[in-house]
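Numbering (the numbering used here), first residue to last: 28 to 148.
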């Protein structure tokens with residue numbers, strides 16, 4: 028996980044090589060876009076998907092980093108400005124089948140980026 032400073036009051040947090048499909052991560056992250064960070068954390072705690080723990084940990088990391096870098100920022104004023112889920116490399120494996128054949132298995136990998144910003148309210 029890495030953080031990058033974009034403007035004076037927003038931070039970009041990245042987690043690369045997540046061993047999950049980008050489509051499965053997007054079904055969780057699409058619900059959080061533009062949401063208050065605290066509300067998004069409470070939403071992620073109760074979602075039944077496996078990727079919600081990965082997204083929750085990345086969101087917590089980004090929130091702690093922006094509060095640590097800027098002492099005057101309140102956690103309640105943070106919101107999710109942008110979420111990007113990209114496809115990473117694909118692990119290719121073979122499944123043995125009957126009569127000496129084999130079928131390919133593709134195991135997807137994702138890259139997740141969350142941009143957290145501060146509201147003016």
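In this text, a Cβ means the ideal position worked out from N, Cα and C, and glycines have one as well. If you're wondering where the values come from, they're calculated on a predicted model, not measured in any experiment.
* **Reference residue 136; option with closest CA among 49, 38 and 36** => Counting from 1 along the chain shown, the entry for residue 136 is found at position 109. Closest option to residue 136, Cα to Cα, is 49.
* To do: Mind checking which residues open and close the alpha helix (DSSP H) that includes residue 48?
  => Stepping through the chain shown from its first residue, residue 48 is reached at position 21. Neither: residue 48 is in no alpha helix (DSSP H) and is coded neither H nor E.
* Asked: Between the stretch 124 to 143 and the stretch 101 to 114, are three or more C-beta pairs nearer than 8 Å?
  -> yes
* DSSP three-state call for residue 118: helix, strand or coil? -> What you label residue 118 is simply residue 91 of the chain shown in a count that begins at 1. Reduced to three states, the DSSP call for residue 118 is strand.
* **Neighbourhood of residue 106 by C-beta, 8 Å cutoff - its chain only, sequence neighbours within 5 removed** => As a position in the chain shown, residue 106 is number 79, starting the count at 1. Cβ neighbours of residue 106 beyond the five flanking positions: 61, 62, 63, 64, 143, 144, 145 and 146.
* Asked: residue 104 to residue 92, Cα distance in whole Å?
  -> The sequence position of residue 104 within the chain shown is 77, counting from 1. The sequence position of residue 92 within the chain shown is 65, counting from 1. Distance between the alpha carbons of residue 104 and residue 92 is about 14 Å.
* Answer yes or no: do residue 71 and residue 81 have a C-beta to C-beta separation smaller than 7 Å? => On the chain shown, position 44 is the one that residue 71 refers to. On the chain shown, position 54 is the one that residue 81 refers to. Their beta carbons are not under 7 Å apart, which means residue 71 does not touch residue 81 by this criterion.
* **Those runs of the alpha helix (DSSP H) which lie wholly inside the stretch 66 to 110 and span at least 4 residues** => 78 to 96
* Can you list, in chain order, the residues of its chain whose CB lies under 7 Å from that of residue 59, leaving out five sequence neighbours each side? -> Within the chain shown, the letter at position 32 stands for residue 59. The residues are 67, 70, 107 and 110.
* From the DSSP output, in three-state form, read off residue 141 for me. => If you number the chain shown from 1, residue 141 lands on position 114. Residue state, collapsed to three classes: strand.
* Asked: Just how far apart, CA to CA, sit residue 122 and residue 116?
  -> Position 95 of the chain shown, counted from the first residue, corresponds to residue 122. Position 89 of the chain shown, counted from the first residue, corresponds to residue 116. In a straight line, the C-alpha of residue 122 is about 19 Å away from that of residue 116.
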